[in-house]
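A short write-up of the structure that comes next.
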Amino acid sequence: MKWLLPVLILVIALPVMASGVDENVLADPAKEAEARAIMEDLRCLVCQNQSIDDSNADMAADLRAVVRERVLAGDNAPQIYDYMVARYGDWILMRPPVNESTWVLWLMPAILIVLGLLVISVFLRRGRAQAQTVTPLSAQEEADLETVIGKDHRG
């Protein structure tokens, strides 16, 4: 039982030890902060849904090095974004611009919501219309129903 505590500590500490530490930080904290802000806006080409700042992939490490080189060379954020888009396309941006090739991506959520609301309203209207079209039984139908119910109760 004494071994349980060290094992639990090890299990809890493993994810922390496994996370990569970026050792290639810039000496100037202001430039490093600028580079990190840019890295947050660039998508990892391997992980696809992480920024290159968050990713541990080798490709992301290479892209982080490129961003740091460009910051040291004096490029500003728009220049670095243009540099990356020229090589990898708009897809590398975490927030791609609205243009001819991406407008569908930006409008699709709104279109799907509107279509969903239309489908729901059609089903609700059909349900109300069907509920309102119930007609009462005729005298003959009531007599037939009584006959059937009476037979079921008598066995």
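When you read off a place in the sequence shown, starting at 1, and then add 761, the result is the number in my numbering. Where a beta carbon is used, it is the ideal one built from N, C-alpha and C, also for glycine.
Suppose the cutoff is 6 Å on Cβ atoms and the five residues either side in sequence are ignored; what does the same chain contact list for residue i look like?
i	result
valine 807	Ala818 and Met820
If I measure Cβ to Cβ from residue i and keep anything under 7 Å in the same chain, skipping five residues before and after, which residues do I get?
i	result
methionine 800	Ser812, Ile813, Asp814, Arg825 and Val828
valine 846	Ile853 and Leu854
Quick one: give me the first and last residue of the alpha helix (DSSP H) that residue i is part of.
i	result
glutamate 861	From DSSP, glutamate 861 is part of no alpha helix (DSSP H); its letter is neither H nor E.
alanine 821	819-833
isoleucine 799	790-801
aspartate 843	838-849
Around the Cβ of residue i, are there at least 16 other Cβ atoms within 10 angstroms (buried) or fewer (exposed)?
i	result
serine 862	exposed
arginine 887	exposed
arginine 804	buried
valine 909	exposed
valine 772	exposed
valine 880	exposed
valine 859	exposed
serine 816	buried
To which residues of the same chain is residue i closer than 8 Å at the C-beta, ignoring the five residues directly before and after it?
i	result
proline 857	Asp851, Thr863 and Leu866
valine 768	none
- Cβ contact (3+ pairs, closer than 8 Å) linking the segment 835-845 and the segment 788-800: Touching, per the Cβ criterion.
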